[in-house]
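This report refers to the structure that appears directly beneath it.
Numbering (our numbering), first residue to last: 1 to 270.
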């Protein structure tokens with residue numbers, strides 16, 4: 001079921017609730033990556049929905065949600081998720097996020113531990129490093145001055161390995177279309193958010209079952225960043241997906257489904 005709701009500050013959020021498994025089934029909320037939308041989770045959601053309720057949404061400034069140009073933070077996006085969960089009457093869920101969505105998922109778990117039954121952090125980081133404010137702003141400026149099309153070749157090579165791009169051209173083309181449809185001012189603001197984001201201080205407070213997952217060939221958030229997350233979150237697991245790059249929910253969906261199911265199981269046993 002695709003629908004829309006308004007946040008407490010009036011931002012309209014587009015979402016999809018896959019609830020065919022019934023209201024007593026485990027709940028999983030998934031947050032997408034920069035400049036893409038909830039469709040990166042399509043294969044993951046379809047597989048999970050056999051026995052799990054799945055909630056996906058377009059973050060503010062992305063996809064079919066409102067293109068509100070303002071200062072973004074991971075905490076703001078996490079608040080949007082909390083209010084969306086209120087709207088669909090979910091008291092808690094396993095929360096997963098890819099790349100930007102992983103920072104949002106961390107912020108949600110840190111700020112809403114009682115609502116987070118498990119955490120799945122995919123191709124992401126708590127902090128992009130000391131140079132991040134500068135490098136992320138430069139990327140935003142490129143999009144603003146040269147157009148989003150100037151970034152497509154750079155992005156697709158980071159998202160997916162060569163073999164996937166060659167064999168799944170329709171999927172790549174679909175995501176490129178989403179990327180090109182971005183409001184560039186919202187893109188700039190999101191780049192600033194990622195450059196400034198630093199969630200390291202909160203990692204030690206994360207006590208729920210957690211899995212850290214990264215593509216072996218991910219050079220946007222490389223394995224070293226995943227290892228730092230794993231070390232920062234006590235009791236977390238770390239999985240490196242062979243041949244995966246940066247958008248593994250689309251490139252390697254069954255690997256992601258496996259990790260999510262493991263976290264669901266650990267949460268039920270806790």
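Backbone N, C-alpha and C fix where the C-beta goes; we use that ideal spot for every residue, glycine too.
For the putative contact between residue i and residue j, defined by C-beta atoms under 8 Å, what is the C-beta separation to the nearest angstrom?
i, j, result
"residue 96", "residue 69", "So it is not a contact: roughly 27 Å between Cβ atoms."
"residue 190", "residue 100", "7 Å"
"residue 107", "residue 199", "6 Å"
"residue 247", "residue 216", "Not quite, the Cβ-Cβ distance comes to about 14 Å (not below 8 Å), so this is no contact."
"residue 211", "residue 239", "7 Å"
"residue 221", "residue 214", "7 Å"
"residue 208", "residue 74", "Not a contact, Cβ separation roughly 17 Å."
Have a look at the DSSP bridge pairing and note the partners of residue i.
i, result
"residue 67", "Looking at the DSSP assignment, residue 67 forms no beta bridge with any residue, so it has no partner."
"residue 192", "None, per the DSSP bridge assignment."
"residue 18", "54"
"residue 127", "198"
"residue 98", "122"
"residue 6", "12"
"residue 241", "215"
"residue 165", "DSSP, once it has assigned bridges, lists no residue as partnering residue 165."
"residue 27", "53"
"residue 210", "119"
Can you tell me whether residue i is buried or exposed, with buried defined as 16 or more other CB within 10 angstroms of its CB?
i, result
"residue 24", "exposed"
"residue 235", "exposed"
"residue 148", "buried"
"residue 33", "buried"
"residue 154", "exposed"
"residue 53", "buried"
"residue 71", "exposed"
"residue 252", "buried"
"residue 175", "buried"
"residue 130", "exposed"
"residue 255", "buried"
"residue 118", "buried"
"residue 180", "exposed"
"residue 219", "exposed"
"residue 268", "exposed"
"residue 28", "buried"
"residue 141", "exposed"
"residue 86", "exposed"
"residue 244", "buried"
Say whether the stretch 53-72 touches the stretch 171-191, bearing in mind that this needs 3 or more beta-carbon pairs closer than 8 Å, one atom from each stretch.
The stretch 53-72 and the stretch 171-191 touch, with no fewer than 3 CB-CB distances between them shorter than 8 Å.
Does the pairing of the stretch 217-237 with the stretch 132-141 give three or more beta-carbon distances under 8 Å?
At 8 Å Cβ cutoff, the stretches do not touch.
Any contact of the stretch 5-20 with the stretch 45-56, i.e. 3+ C-beta pairs under 8 Å?
yes
With a threshold of 8 Å, are at least 3 pairs of Cβ atoms found where one atom belongs to the stretch 159-170 and the other to the stretch 84-94?
no
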